[in-house]
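Participant: Chains as they are written, first to last, in full-length UniProt numbering: chain A, 1 to 433; chain B, 1 to 433. Yeah, the Cβ is synthetic: ideal placement off N, Cα and C, and Gly gets one too. These figures come from a predicted structure and were not determined experimentally.
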């Protein structure tokens, strides 16, 4: 059974604090192993990569077979049913349309002194997307990572996806093709991250690495951060549903379970001012767990990390949601728009009972790569911005330098940076004489 | 003497590659020490913090004196000359005006199915700025970090600044006050980062940490990344100047030295199609080094990391600049605007000979916290975006769910995520009957 809390209870605050600081991930220290793998790939390149792939994925590769061939991708794409392809294409189109709106604009203006100021955006040249293998090899994640990169204008886009025992999800390859990925390498783990960051004889290095992965991938991303850009260190997924009593308990139960079924460490939270409704949702969850294919996983998540909180009103529910800063937030209330301005932190908001979170996972348009584990307090979901960078621009005229240069010189002197001051002074002297 | 390269030389490419991969920082492994310090602060809070401050900064603090009092800040501000204050105020005003233009807009629209999509931006609730102590305690860095945070709407803004032996730069405290910082803690090193990330009895935790620091600070920021947001792991500064022969060699020499004087590991690079001009700049650097107060530092930087590259033309100079992806790029050419579209990577561009890089350090308006060590390939300078996060919004109508829901259901089934599919199906079934 999940934990039940009521805001009116005397022990509510300490219990909530305990839940907020609960560790849902077993962060076994894989850092030393990962450091050794990265060093090995840097030192021996392709040889290390193929050896490690043989060891971890039971797959013998050569430099020539590190990447899927065009014929292999053709064959995989041809094996996908027309219905699956149509669904994937609709998703790709909607994701592309949403992310196209995110493209930021360049700016340039002239200030009162005559100085021209501004900035311009340019794309990352090459990006690598990590796609987990096995059960968690999701074509939707390929779209969600690759399409923003292409919209941003990334010229070279590659995927690293391990294929344990040589198995691959054909939909992953189709998603890669639909979203314009150039190359798909069948490598995974820390060795794939090392190859993407540092390059090998066969694999050219990239500038940015995005995408989810296991503890080894996460530790490797943390290590190569700085050498390349990374998106975020993703943790287990979570959903918080704010629901009034006027909802179908089964809908809400399914929404909670659609997070819980991801991972035993996932977290599903219901916050409602209606205690009777809360009980009905809990009963609906139990009933669905009787038949759900992934009941084993979802049941453990619900038992270990599920939370049901009863509040005095919706305003209090929003306050609690802000404490969680949830990755996914559903507002299943009569007037969801009225609550939005009070939401201080959330990765994505799903408004109204007709917007199940699963729509956002696949086809709504917004990205499904979102900040987990309360990191929505300080970070955003994946977007075109992750594949762009801004260069600031400044141009002084002699007049503008005359106007503001003396202050720059004074500050440089106060910081004991003489050459800074002199570089301004030499120019001012020309003006004055 | 710096290294001299000419693109026409047979060994140009291997020499450039060697320069690009040159390590300028002594990355001594402080990670174990930093891990122990962070664990200590997490376990013992203020007690650990005051003990570590006594040990590293030779300063005895109590929880009550961790922060500067208002009276102490008043006294420090009163000690600043009117001229220095005016210069700092002008800088603050210009930085504020530039960053105000960076504020992104919320968006909302309705698509063809009737679904409402969009996003909204919200500020980080609390941010902590690290300001180095001692020689590198720069008031300009306080402005560059604090003002974007305030423009973004950060409600609580604190500074951690070590005060070795109790010494502090009064201009740092004035800059903190001018930019609206709430509290200045006299703590530094990994222990300050730990306190900001995890909190102590006296110091409330923040959500985002920005600002430069030494190897301990950098390692600590890397470790707490994920628990809080961080800006970047900054390395030694660099400048690349593209100059034609029609420049004053002394101006260019001073611009190169204004990077070199920062740090023995800083790097100054001149790229010019005019070999005679190159020699004149080198001579001007030598001459300025005879009298420059920080000649010891600047001379070592110029000797160890300085580079002079002669190219066939300006187009080739731009190609080389793109290989470096420099933090600062000066375009001292007749028509700098013509080169800008070809610049693929740079933190900040300074256009024309009347725009010395030092203007950007203090008073131009753009931020001086910029990506170093070729990280302009994938990252941007500090901006209001670092203190904001985006929440995506989606609202389906029954009609839009009917239009796109079946595709979401199909993709969910293909990924074996049944509850995802059922959460859509349950709603579609209601529509169908």
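Using a C-beta to C-beta distance shorter than 8 angstroms, which residues of chain A count as neighbours of residue 293 of chain B?
Facilitator: Translated into positions along the second chain, residue 293 of chain B becomes position 293. Residues of chain A passing the Cβ test: 416, 418.
Participant: To which residues does DSSP link residue 123 of chain B through a beta bridge?
Facilitator: Residue numbering aside, residue 123 of chain B sits at position 123 when the second chain is read from its first letter. B:388.
Participant: Measure the C-alpha to C-alpha separation of residue 291 of chain A and residue 251 of chain A and round it to an integer number of angstroms.
Facilitator: Against the first chain, residue 291 of chain A aligns to sequence position 291. Against the first chain, residue 251 of chain A aligns to sequence position 251. If you take the alpha carbons of residue 291 of chain A and residue 251 of chain A, they lie about 15 angstroms apart.
Participant: Would a check of beta-carbon distances place residue 392 of chain B closer than 8 angstroms to chain A?
Facilitator: Counting from one through the second chain, the residue named residue 392 of chain B turns up at place 392. Chain A, which has a Cβ nearer than 8 angstroms to the Cβ of residue 392 of chain B, makes this yes.
Participant: I need the straight-line Cα distance from residue 196 of chain B to residue 362 of chain A, nearest angstrom please.
Facilitator: For the purposes of this step, residue 196 of chain B is identified with residue 196 of the second chain, where counting begins at 1. For the purposes of this step, residue 362 of chain A is identified with residue 362 of the first chain, where counting begins at 1. Distance between the alpha carbons of residue 196 of chain B and residue 362 of chain A is about 37 angstroms.
Participant: Is residue 330 of chain A close to chain B, meaning its C-beta is less than 8 angstroms from at least one C-beta of that chain?
Facilitator: For the purposes of this step, residue 330 of chain A is taken as residue 330 along the first chain, with counting starting at 1. By this cut-off, residue 330 of chain A is not an interface position.
Participant: Classify residue 43 of chain B as helix, strand or coil using the three-state DSSP reduction.
Facilitator: Taking the second chain and counting its residues from 1, the one referred to as residue 43 of chain B is at position 43. The answer is helix: DSSP assigns residue 43 of chain B an H, G or I state.
Participant: Which residues of chain A have a Cβ atom closer than 7 angstroms to the Cβ of residue 389 of chain B, listed in chain order?
Facilitator: In the second chain, residue 389 of chain B corresponds to position 389, counting from 1. Residues of chain A passing the Cβ test: 376, 378, 379, 380.
Participant: State the Cα-Cα distance for the pair residue 201 of chain A and residue 49 of chain A, rounded to the nearest angstrom.
Facilitator: For the purposes of this step, residue 201 of chain A is taken as residue 201 along the first chain, with counting starting at 1. For the purposes of this step, residue 49 of chain A is taken as residue 49 along the first chain, with counting starting at 1. The straight-line gap from Cα to Cα measures roughly 11 angstroms.
Participant: If you draw a straight line from the alpha carbon of residue 193 of chain A to that of residue 55 of chain B, how long is it in whole angstroms?
Facilitator: Numbered from its first residue, the first chain carries residue 193 of chain A at position 193. Numbered from its first residue, the second chain carries residue 55 of chain B at position 55. Looking at the two C-alpha atoms, the distance is approximately 39 angstroms.
Participant: Determine whether the beta carbon atoms of residue 59 of chain B and residue 171 of chain B lie at a separation below 8 angstroms.
Facilitator: Indexing the second chain from 1 puts residue 59 of chain B at position 59. Indexing the second chain from 1 puts residue 171 of chain B at position 171. No, the Cβ-Cβ distance between residue 59 of chain B and residue 171 of chain B is not below 8 angstroms.
Participant: Give the interface partners of residue 324 of chain A over in chain B, defined as CB-CB distance under 7 angstroms, in chain order.
Facilitator: Against the first chain, residue 324 of chain A aligns to sequence position 324. In chain order: nothing, as chain B lies at least about 14 angstroms away.
Participant: Within this structure, are the beta carbons of residue 372 of chain B and residue 260 of chain B separated by less than 8 angstroms?
Facilitator: Along the second chain, read from residue 1 onward, the residue named residue 372 of chain B stands at position 372. Along the second chain, read from residue 1 onward, the residue named residue 260 of chain B stands at position 260. Their beta carbons are not under 8 angstroms apart, which means residue 372 of chain B does not touch residue 260 of chain B by this criterion.
Participant: Where DSSP assigns a beta bridge to residue 208 of chain B, which residues make up the other side?
Facilitator: Mapped onto the second chain, residue 208 of chain B falls at position 208. In DSSP, residue 208 of chain B forms a bridge with B:127, B:229.
Participant: Which residues does DSSP list as the beta-bridge partners of residue 156 of chain B?
Facilitator: The residue given as residue 156 of chain B occupies position 156 in the second chain. Bridge partners of residue 156 of chain B: B:126.
Participant: Exposed or buried, what is residue 191 of chain B when buried is set at 16 or more other beta-carbons lying within 10 Å of its beta-carbon?
Facilitator: Counting from one through the second chain, the residue named residue 191 of chain B turns up at place 191. With 16 or more Cβ atoms within 10 Å of its Cβ, residue 191 of chain B is classed as buried.
Participant: Where residue 53 of chain B and residue 216 of chain B are concerned, what is the direct C-alpha to C-alpha distance, given to the nearest angstrom?
Facilitator: Indexing the second chain from 1 puts residue 53 of chain B at position 53. Indexing the second chain from 1 puts residue 216 of chain B at position 216. Taking the straight line from one Cα to the other gives about 14 angstroms.
Participant: Hey, how far is the Cα of residue 20 of chain A from the Cα of residue 33 of chain B?
Facilitator: What you label residue 20 of chain A is simply residue 20 of the first chain in a count that begins at 1. What you label residue 33 of chain B is simply residue 33 of the second chain in a count that begins at 1. So the two alpha carbons sit approximately 29 angstroms from each other.
Participant: Suppose you measure from the CA of residue 271 of chain A to the CA of residue 213 of chain A; what does that come to, to the nearest Å?
Facilitator: On the first chain, residue 271 of chain A is found 271 positions in, with the first residue counted as 1. On the first chain, residue 213 of chain A is found 213 positions in, with the first residue counted as 1. So the alpha carbons of these two residues sit roughly 30 angstroms apart.
Participant: Sort B:302, B:44, B:140 by Cα distance to residue 413 of chain A and report the nearest one.
Facilitator: Here residue 413 of chain A refers to the residue found at position 413 of the first chain. Considering only alpha carbons, the answer is B:140.
Participant: What alpha helix (DSSP H) runs, 4 residues minimum, are completely inside the region 222-266 of chain B?
Facilitator: Listed in chain order, the complete alpha helix (DSSP H) runs (minimum 4 residues) inside the region 222-266 of chain B are 249-260.
Participant: Let's see if you can read the secondary structure: which residues bound the alpha helix (DSSP H) around residue 411 of chain B?
Facilitator: Indexing the second chain from 1 puts residue 411 of chain B at position 411. Counting along the chain, the alpha helix (DSSP H) containing residue 411 of chain B begins and ends at 398-414.
Participant: Using beta-carbon positions only, say whether residue 328 of chain A and residue 370 of chain A come within less than 8 angstroms of one another.
Facilitator: As a first step, residue 328 of chain A must be located in the first chain, where it is residue number 328. As a first step, residue 370 of chain A must be located in the first chain, where it is residue number 370. Cβ atoms of residue 328 of chain A and residue 370 of chain A: closer than 8 angstroms.
Participant: Going along chain A in order, which residues have a C-beta closer than 7 angstroms to the C-beta of residue 254 of chain B?
Facilitator: Translated into the one-based positions of the second chain, residue 254 of chain B becomes position 254. Simply 419, 422, 423, 426.
Participant: Could you check the C-alpha separation between residue 209 of chain B and residue 245 of chain B for me, to the nearest Å?
Facilitator: Position 209 of the second chain holds residue 209 of chain B. Position 245 of the second chain holds residue 245 of chain B. Answer to the nearest angstrom: the Cα atoms are 43 angstroms apart.
Participant: Cβ closer than 7 angstroms: which chain B residues qualify as neighbours of residue 84 of chain A?
Facilitator: Residue 84 of chain A sits at position 84 when you count from the first residue of the first chain. Within 7 angstroms Cβ-Cβ: 410, 414.
Participant: Give the DSSP-derived three-state secondary structure of residue 332 of chain A in the structure shown.
Facilitator: What you label residue 332 of chain A is simply residue 332 of the first chain in a count that begins at 1. Reduced to three states, the DSSP call for residue 332 of chain A is strand.
Participant: Contact criterion: CB-CB distance below 8 angstroms. Does residue 98 of chain A meet it with respect to chain B?
Facilitator: By one-based count along the first chain, residue 98 of chain A stands at place 98. True, the Cβ-Cβ gap to chain B drops below 8 angstroms.
Participant: Check whether the Cβ atoms of residue 285 of chain A and residue 302 of chain A lie closer than 8 angstroms to each other.
Facilitator: Counting from 1 along the first chain, the entry for residue 285 of chain A is found at position 285. Counting from 1 along the first chain, the entry for residue 302 of chain A is found at position 302. Cβ distance < 8 angstroms, so residue 285 of chain A and residue 302 of chain A count as in contact.
Participant: Check the Cβ-Cβ distances between residue 134 of chain B and every residue of chain A, and say whether any is below 8 angstroms.
Facilitator: The residue labelled residue 134 of chain B in the question sits at position 134 within the second chain. Residue 134 of chain B does not count as touching chain A.
Participant: What does the alpha-carbon distance come out to for the pair residue 74 of chain A and residue 185 of chain A?
Facilitator: The residue you call residue 74 of chain A lines up with position 74 of the first chain. The residue you call residue 185 of chain A lines up with position 185 of the first chain. Rounded to the nearest angstrom, the two C-alpha atoms are 15 angstroms apart.
Participant: Measuring alpha carbon to alpha carbon, tell me which of B:146, B:396, B:115, B:138 ends up nearest residue 128 of chain B.
Facilitator: Taking the second chain and counting its residues from 1, the one referred to as residue 128 of chain B is at position 128. Taking only the C-alpha atoms, the option nearest residue 128 of chain B is B:146.
Participant: Listed in chain order, which residues of the region 293-322 of chain A have Cβ atoms closer than 7 angstroms to some Cβ of chain B?
Facilitator: From the region 293-322 of chain A, only 293, 294, 298 have a Cβ closer than 7 angstroms to chain B.
Participant: Identify which residue in B:4, B:118, B:81 has its Cα closest to the Cα of residue 350 of chain A.
Facilitator: Along the first chain, read from residue 1 onward, the residue named residue 350 of chain A stands at position 350. Residue 350 of chain A has its Cα closest to that of B:118, out of B:4, B:118, B:81.
Participant: Could you check how far apart the C-beta atoms of residue 307 of chain B and residue 278 of chain B are, in whole angstroms? I think they sit under 8 angstroms.
Facilitator: In the second chain, counting from the first residue as 1, residue 307 of chain B sits at position 307. In the second chain, counting from the first residue as 1, residue 278 of chain B sits at position 278. With 8 angstroms as the limit, residue 307 of chain B and residue 278 of chain B do not qualify as a contact, their Cβ atoms being about 11 angstroms apart.
Participant: Using a cut-off of 7 angstroms between C-beta atoms, extract the partners of residue 138 of chain A located in chain B.
Facilitator: Start at 1 with the first residue of the first chain, and residue 138 of chain A comes out as number 138. Chain B residues near residue 138 of chain A: 415.
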